[in-house]
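Under our numbering, residues 508 to 797 are what the sequence shown spells out, in order.
Glycine included, every Cβ here is placed at the ideal spot set by N, Cα and C.
Keep in mind the model is a prediction, meaning the values are calculated, not measured.
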Amino acid sequence: MNFLKYVTTILLASTVFCAVSQDIEEEFYKYGFPQAEIYSDLGKASKDAKKVTKLKLLNKDLSLNLSKLGKFKQLKVLKLQNNNIDSLPEKVFRNYGLKYFFSSGNKFKKLSSNVANWGALEVLKLQKTQMDSFPSSLSNLKMLKTLEIQSNQADTFKVNGVIKGLIGLEELLFYKVALYKFPEGFEKTKKLKDVYFIDCRLSSIDSSLYSCKNLELLIFDNNLMKVIPQEITHFEHLKVLSFKNNKIKKLPEFISRLKHLEKLDLRGNPIPRHQIAVLRILMPSCRIDY
508 MNFLKYVTTI LLASTVFCAV SQDIEEEFYK YGFPQAEIYS DLGKASKDAK KVTKLKLLNK
568 DLSLNLSKLG KFKQLKVLKL QNNNIDSLPE KVFRNYGLKY FFSSGNKFKK LSSNVANWGA
628 LEVLKLQKTQ MDSFPSSLSN LKMLKTLEIQ SNQADTFKVN GVIKGLIGLE ELLFYKVALY
688 KFPEGFEKTK KLKDVYFIDC RLSSIDSSLY SCKNLELLIF DNNLMKVIPQ EITHFEHLKV
748 LSFKNNKIKK LPEFISRLKH LEKLDLRGNP IPRHQIAVLR ILMPSCRIDY
């Protein structure tokens with residue numbers, strides 16, 4: 508599920524009553540056996556350790572029994588939230604079949620280099636961490652489709668060349684992450700479709716990103732961009748483009764070459780109104796927010 512769909516889902520969920528169990532969540536159905544039990548109690552799960560494939564531990568203190576997380580060798584889905592931990596036991600990285608890992612509110616300072624053992628991993632989502640980098644071994648996750656890091660609290664964050672190895676990547680999301688610089692090594696991420704860099708202190712785009720010819724969605728909101736680079740026209744399949752809340756003063760007409768663009772968001776930039784008017788004439792089928 509991409510970030511826009513996620514936000515939409517949350518908004519709908521807050522206004523519409525749904526009589527479906529909380530355990531019926533996309534990740535628990537999509538990854539692993541659909542009918543397998545979802546364990547939400549570590550004690551009970553420990554008794555059934557050999558058959559546990561789905562573990563969801565939300566708002567439960569694991570600081571005193573963290574080592575128990577290493578008992579589950581058949582895990583496909585592991586979801587953690589607000590567990591009062593800042594690391595994972597090394598045995599967790601022996602779950603070679605893990606497909607989905609999510610953590611929010613746990614102040615991880617780093618991921619072990621043994622994350623490379625998660626060769627089957629398709630989704631990695633980290634929220635509210637204190638990491639300063641990804642381990643370079645993360646680049647070995649050839650099956651990874653979604654990589655997300657949000658609200659990282661370190662002063663700066665280095666990607667460490669990880670992207671170049673993620674040949675299966677389809678969605679990349681950085682939100683409120685003080686990036687040291689724009690990630691490099693996108694030449695082999697041919698499947699990449701959705702890219703989000705929101706509130707990351709970025710002032711430029713690495714040239715390797717322009718090799719991602721299948722990109723459909725590109726979000727650069729709340730950054731320090733002063734210009735829209737002409738190379739953006741390399742994204743021939745782009746449908747959504749957003750530079751909301753940057754420092755762009757001039758709107759280049761070459762954007763009109765993006766024939767499949769359906770939405771362009773330029774709100775919060777000091778662009779003259781007449782330039783917006785011209786672009787709207789050139790792109791009558793594109794919604795331009797200003």
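Between the Cα of residue i and the Cα atoms of the options, which residue gives the shortest distance?
i, options, result
"residue 591", "642, 611, 704, 754", "611"
"residue 773", "695, 755, 767", "755"
"residue 544", "581, 570, 569", "581"
"residue 606", "567, 626, 695", "626"
"residue 685", "617, 777, 656", "656"
"residue 614", "589, 721, 536", "589"
"residue 792", "778, 764, 535", "764"
"residue 640", "709, 616, 708", "616"
Can you find the residues in the same chain that come closer than 8 Å, C-beta to C-beta, to residue i, ignoring five residues on each side of it along the sequence?
i, result
"residue 574", "596, 598"
"residue 577", "596, 597, 598, 599, 601"
"residue 746", "723, 724, 767, 768, 769, 770"
Only counting the same chain, and skipping five residues up and downstream in sequence, which positions put a Cβ closer than 6 Å to that of residue i?
i, result
"residue 751", "728, 772, 774, 775"
"residue 679", "654, 702"
"residue 741", "717"
Between the C-alpha atoms of residue i and residue j, what's the straight-line distance to the nearest angstrom?
i, j, result
"residue 662", "residue 711", "19 Å"
"residue 782", "residue 788", "10 Å"
"residue 766", "residue 539", "40 Å"
"residue 658", "residue 682", "6 Å"
"residue 630", "residue 553", "24 Å"
"residue 548", "residue 579", "13 Å"
"residue 743", "residue 720", "7 Å"
"residue 567", "residue 660", "22 Å"
Excluding the 5 residues preceding and the 5 following residue i in the sequence, name in chain order all residues of the same chain whose CB lies nearer than 7 Å to its CB.
i, result
"residue 531", "Confidence is the limiting factor: at residue 531 the pLDDT is only 49, short of 50, which leaves the residue's position unreliable, though a coordinate-based value still follows. Excluding positions up to five away in sequence, the list is empty."
So, helix, strand or coil for residue i, using DSSP?
i, result
"residue 584", "strand"
"residue 687", "coil"
"residue 653", "strand"
"residue 757", "coil"
"residue 559", "coil"
"residue 573", "helix"
"residue 764", "helix"
"residue 535", "helix"
"residue 513", "Unreliable positioning characterises residue 513 in this predicted model, as indicated by a pLDDT of 40, which lies under 50. The coordinate reading is nonetheless provided below. Residue state, collapsed to three classes: helix."
"residue 630", "strand"
Would you call the stretch 756–767 and the stretch 730–740 touching, i.e. three or more CB-CB distances under 8 Å? yes
Does the stretch 680–700 come within contact of the stretch 665–672, defined as at least 3 CB pairs closer than 8 Å? By the criterion of at least three beta-carbon pairs nearer than 8 Å, the stretch 680–700 is in contact with the stretch 665–672.
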